[in-house]
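Encoded as structure tokens, the structure appears first; notes follow it.
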Amino acid sequence: MTNYREILRLRSLGINHSRIAEGMGVARQTVVTTLQRAAAQDVDWQAAELLSDRELAARLFPPGGGKPVYRIPDYAAVHRELAKPGVTQQLLWMEYCDQCHAAGETPYQLTQFKTHYREYVTKTKATMHITRKPGEVMEVDWAGQPAHLVDTDTGEAIDAPVFVAALPYSGYAYAEAFLRQDQAAWIAAHVNAYNHFGGVSRMLVPDNLKTGVIKHTRSEVVLNKSYQEMAEHYGTAILPARVRSPKDKATVEGSVGNISTFILAAIRNQKFFSLKELNEVIHERLHAFNHKPFQKKDGSRATWFAEERASLLPLPRNAYELAEWRIATVAFNYHIGVDERYYSVPYEYIKRKVDVRLTRHVVEIFFEGSRVCSHVRLHGRRGEYSTVDDHMPPDHQQYLQWNGERFRKWAAKIGPNAACVVESILTRYKVEQQGYRACMALLKLSDQYSPQRLESACTMALDYTPQPSYKAIQTILKSGRDRITADSDTPSEPAEFGFTRGADYYRQGVK
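If you want it as structure tokens, here you go:
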């Protein structure tokens, strides 16, 4: 299913149709049609955020809606006309629109017109110069050559992969070494690069690493969910380089080679015993690399970056915090389990699969792309519950009319041991309300049996454990063992043999 929400988000960032189609792996016509339908239905990025994926698709493409047929321009003639002085693509597009309107046909929009022309030029092997705009793109990759640390225990060399980011307009670069090439390092490297540049580029061009891109084919691009979330946090668009197409990120490929020579090769004979020590030296060499004068043009990467920095998007107020995504099924008690701690979900989602976003401090729960609820993440003992009253079914909410003091008074009327059991139930939970159902069920046993028998069963249960459960007391009452305890208070003649069961034992169920 086409991700219409992402198309609207990228367009709201000012990304053109061609870039959106390339980054998402969809047809360019799909992007244009989606945006046209969104404009017709008055749906923008902010409105799309409030709709689920199905609602958004139904809003944009209601059943029975047809797609327009566009007239394909004569790009061979367009290419010839562009060779003439003063002729631009916009002028040729306006002439093309006039021809379509005269013939009663539908023309492409200017963006699509230019996109198909670039495809034509690529197919005919024509040369097109791509002019980089300041603040438009940041290219990222891992350097092929790692740095090295020395293990203080064994003396062995430990590989330290080096992350490299570069801005194509100025060539200004950032580099940092990590111990691993996992997702946490990949995200942290991007956050540190944005902080180093003091701003965010409008587009982000990575290679097709699994930490960033799950799948990239001619027809589909699937990004890692945390990587996509990071891009949304910083307001940028991820457009992965095409497979086996290093020219798509030529700047970072060149920077990787230059940094490998200027920085890594220069420190090859130095020994580093900590990552902090290594990165301090890398950043010193990086500063010299960025301020080194160009050979074929005036200035340096740093002087060109001083001009480019004003074109970068501002950094968000808070840096992105890496989130972990999981899938969970809402249980019959309208809770999901995360690391043996439990969080409530509205009861309407019982038995539904939900997406769970975890950070260090927050647990967010999503269903079909829409956030259902959130909780403060629990870090205490296992088995803790975080329950929101509004998530309960109506018949469960009736217990909210009760409070702990009311259960304590009720139990005290039955007996001191019943009161002790109720107190243990109420205090064993972090949230007292979680014990209300067990207290209600326990005290209701006095209606089924009798207050005297319930008190006797509580006495017996407390002899076994200081925190008896409702189930244990119910079992004592069902088996009648509380009556044995009561009968044993009556004196009887001692048996000749201490382990022989007397007649009283076999008459326990007979009155």
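Counted the way my numbering counts, the sequence shown spans residues 9 to 519.
Cβ atoms here follow ideal geometry from the backbone N, Cα and C, with glycine treated the same way.
Because the structure is a prediction, the values reported are computed rather than measured.
Cβ-Cβ separation between V429 and P476: approximately 6 Å, consistent with a contact (criterion under 8 Å). With contacts defined by Cβ atoms closer than 8 Å, Y182 and A201 form a contacting pair.
Counted as a single uninterrupted DSSP element, the stretch harbouring S382 is not any alpha helix (DSSP H) but the beta strand (DSSP E) occupying residues S378 to V384. Inclusion of P324 and H241 in the CB contact set at 8 Å is warranted, their separation being smaller than that value.
Distance from the CA of Y83 to the CA of F121, rounded to the nearest whole angstrom, comes to 9 Å.
The three-state secondary structure of I246, taken from DSSP, is strand. In this structure, P169 sits away from P214, with a CB-CB distance that is not shorter than 8 Å.
In terms of Cα proximity to V158, the closest of R276, A48, R390 and D106 is R276.
Between the region 302-313 and the region 184-203 there are fewer than three C-beta pairs closer than 8 Å, too few to call the two in contact. In the three-state reduction of the DSSP assignment, H299 falls in the helix class, which pools H, G and I. In the structure shown, the three-state DSSP call for S464 is helix.
For A111, the secondary structure class from DSSP, reduced to helix, strand or coil, is helix.
For S352, the enclosing beta strand (DSSP E) has its first and last residue at R349 to S352.
Taking C-beta atoms under 8 Å as the contact rule, I358 and V338 qualify, at a distance of about 5 Å. Put simply, of L100, R79, Y78 and I80 the residue whose alpha carbon is nearest the alpha carbon of V86 is L100. CA-CA distance, F171 to V199, rounds to 12 Å.
Counting every other CB atom within 10 Å of its CB across the protein chains shown gives I335 a total below 16, marking it as exposed. Between Q278 and H204, the alpha-carbon positions lie close to 25 Å from each other. The closest CA to that of E147, considering only N326, A318 and R210, is found on R210. Excluding five sequence positions before and after H156, the CB atoms of its chain that fall closer than 7 Å to its own CB belong to A165, I166, D167 and A168, given in chain order. Excluding the 5 residues flanking it on each side, G206 has same chain C-beta neighbours closer than 8 Å at R317, L320 and L323, in chain order. Between A420 and L462, the CB-CB gap reaches or exceeds 8 Å. Put simply, the backbone Cα of Q117 is about 15 Å away from that of R19. Around the beta carbon of T119, a 10 Å sphere encloses 16 or more other beta carbons of the protein chains shown; the residue is thus reported as buried.
In terms of Cβ geometry, I492 and A465 do not form a close pair [threshold 8 Å]. E332: member of the beta strand (DSSP E) spanning E332 to T337, first to last residue.
Under the DSSP assignment, R67 falls outside any beta strand (DSSP E), being part of the alpha helix (DSSP H) whose first and last residues are D61 to L68.
Residue burial annotation: H343 is buried, with at least 16 other C-beta atoms found within 10 angstroms of its C-beta. Distance from the CA of Y128 to the CA of N266, rounded to the nearest whole angstrom, comes to 34 Å.
Apart from the 5 residues on each side of it in sequence, R188 sits with its Cβ closer than 8 Å to the Cβ of P169 in its chain, given in chain order. In its chain, beyond the 5 residues on either side, W333 have a beta carbon closer than 7 Å to the beta carbon of K233. Secondary structure of S209 (DSSP, three-state): coil.
The criterion of a C-beta distance shorter than 8 Å is satisfied by Y478 and A446. Here I80 is exposed: its Cβ has fewer than 16 other Cβ atoms, across all protein chains shown, within 10 Å.
By the C-beta density criterion, V51 is buried, having at least 16 other C-beta atoms within 10 angstroms. Note on geometry: alpha-carbon atoms of S454 and G443 lie some 18 Å from one another.
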